[in-house]
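One structure is given here, and the rest of the page talks about it.
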Amino acid sequence: MKTRPENRKPDRLRVNFVFERLLLAEKVKVYYGHSRHYAFECSETPLPEHEFDCYIVPFESLKTFFRNRARPDTWLPVIAYGPPGRLTDAFGLGCRDFLKEPWDLAELDVRLTRLLRPARGSDLPNREGEIKVGANRVWTPAGEAVLKPNEARILKALLKAGGEVVTREVLYYAIWGKVKNPSSRVVDVHVCALRKKLKGLMALKIEQVRGEGYILS
Numbered sequence: 293m294k295t296r297p298e299n300r301k302p303d304r305l306r307v308n309f310v311f312e313r314l315l316l317a318e319k320v321k322v323y324y325g326h327s328r329h330y331a332f333e334c335s336e337t338p339l340p341e342h343e344f345d346c347y348i349v350p351f352e353s354l355k356t357f358f359r360n361r362a363r364p365d366t367w368l369p370v371i372a373y374g375p376p377g378r379l380t381d382a383f384g385l386g387c388r389d390f391l392k393e394p395w396d397l398a399e400l401d402v403r404l405t406r407l408l409r410p411a412r413g414s415d416l417p418n419r420e421g422e423i424k425v426g427a428n429r430v431w432t433p434a435g436e437a438v439l440k441p442n443e444a445r446i447l448k449a450l451l452k453a454g455g456e457v458v459t460r461e462v463l464y465y466a467i468w469g470k471v472k473n474p475s476s477r478v479v480d481v482h483v484c485a486l487r488k489k490l491k492g493l494m495a496l497k498i499e500q501v502r503g504e505g506y507i508l509s
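Printed below as a string of structure tokens:
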């Protein structure tokens, strides 16, 4: 059984999510249904490699998955998910990242961003080499500014996104390592303060994308 995403766009990264429970597949479909960056296809067994850029596979299916793949040097990146005690075994089998249960979709979003960002490239000006962010400071060709640790983490996440939208949920998780409270506006407060500190220092601006999150442009 498999579920196909609607309105699939060729410029989005294609992800095959292999599920054990249909409810989990439905949650993935809802969460990524309107994503501008990823096209998810959920299935009970892995689909052909030439159709995808990444796989997300339950630990219990990993051995069979890799046994049926082509040569190891041609493997697409794989994120496995399962019990915490299986992490070492999962990496040993060949996966690139691992989601320890219990995990949520905001965490998966962060892992996908980190795993697949190099393949997407970036056309952001002044990204690497000219803008450097430390734990509590940013350096730019126009000067520097002192940042709070959470502001620095937000700026790093936006720079790594390569000119694409980063959702509030992802920013919240990247900063605090947990899922965002739906009613929390703390990310917006930090972004507002960060904008003021960066004014005049960067050609890039932090813009809000209504209903999605923030982007450097």
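First residue of the sequence shown? That's 293 in this note's numbering, and the numbers climb one at a time after it.
Glycine included, C-beta positions come from ideal geometry on N, C-alpha and C.
CA nearest to the CA of residue i, picked from the options
{"i": "Gly426", "options": "Pro433, Ala434, Leu447", "result": "Leu447"}
{"i": "Ser476", "options": "Arg487, Glu461, Leu368, Gly386", "result": "Glu461"}
{"i": "Ala437", "options": "Met494, His329, Arg388", "result": "Met494"}
{"i": "Cys387", "options": "Phe357, Val320, Leu314, Glu456", "result": "Phe357"}
{"i": "Val458", "options": "Trp395, Asn428, Ile498", "result": "Ile498"}
{"i": "Glu336", "options": "Tyr324, Leu315, Glu456", "result": "Leu315"}
{"i": "Arg429", "options": "Gly492, Leu486, Lys321", "result": "Leu486"}
Simplified DSSP state of residue i, which is helix, strand or coil
{"i": "Asp396", "result": "coil"}
{"i": "Pro338", "result": "coil"}
{"i": "Ile446", "result": "helix"}
{"i": "Thr295", "result": "Note that Thr295 scores a pLDDT of 47, beneath 50, so its modelled location is shaky; the value from the coordinates is reported in the next line. If DSSP states are grouped into helix, strand and coil, Thr295 belongs with the strands."}
{"i": "Phe351", "result": "helix"}
{"i": "Arg477", "result": "coil"}
{"i": "Leu439", "result": "coil"}
{"i": "Val402", "result": "helix"}
{"i": "Ile507", "result": "strand"}
{"i": "Cys387", "result": "coil"}
{"i": "Tyr493", "result": "In the sequence on display, residue 493 carries Leu and not Tyr. Three-state result, Leu493: coil."}
{"i": "Arg313", "result": "coil"}
{"i": "Pro333", "result": "Correcting the residue identity first, residue 333 is Glu in this sequence and not Pro. Correct three-state label for Glu333: strand."}
{"i": "Arg328", "result": "coil"}
{"i": "Arg277", "result": "The question about residue 277 has no answer here: the residues shown for the chain are numbered 293 through 509."}
Residue i to residue j span [Cα, whole Å]
{"i": "Lys440", "j": "Ile423", "result": "17 Å"}
{"i": "Leu339", "j": "Val478", "result": "40 Å"}
{"i": "Trp431", "j": "Ala382", "result": "39 Å"}
{"i": "Ala434", "j": "Arg306", "result": "39 Å"}
{"i": "Asn442", "j": "Cys484", "result": "12 Å"}
{"i": "Phe390", "j": "Thr405", "result": "14 Å"}
{"i": "His342", "j": "Val481", "result": "43 Å"}
{"i": "Ala411", "j": "Phe351", "result": "For Ala411, the predicted model reports a pLDDT of 43, less than 50, meaning its position is unreliable; a value from the coordinates is still stated below. Those two C-alpha atoms are separated by around 25 Å."}
{"i": "Lys355", "j": "Gly454", "result": "34 Å"}
{"i": "Phe332", "j": "Gly469", "result": "24 Å"}
{"i": "Thr380", "j": "Ala372", "result": "11 Å"}
{"i": "Arg328", "j": "Asn360", "result": "31 Å"}
{"i": "Leu490", "j": "Val501", "result": "19 Å"}
{"i": "Leu496", "j": "Ile507", "result": "10 Å"}
Segment limits, alpha helix (DSSP H) that includes residue i
{"i": "Phe561", "result": "This structure cannot speak to residue 561, because the chain is shown only from 293 to 509."}
{"i": "Ala427", "result": "Careful: Ala427 lies outside any alpha helix (DSSP H) and carries neither H nor E."}
{"i": "Glu499", "result": "Careful: Glu499 lies outside any alpha helix (DSSP H), inside the beta strand (DSSP E) at 498-501."}
Range covered by the beta strand (DSSP E) that runs through residue i
{"i": "Val370", "result": "370-374"}
{"i": "Val462", "result": "That residue, Val462, is in no beta strand (DSSP E); its alpha helix (DSSP H) goes 460-468."}
{"i": "Val457", "result": "No beta strand (DSSP E) holds Val457; DSSP gives it neither H nor E."}
Test: residue i CB closer than 8 Å to a CB of chain D
{"i": "Met494", "result": "Looking for chain D here will not work: only one protein chain is present."}
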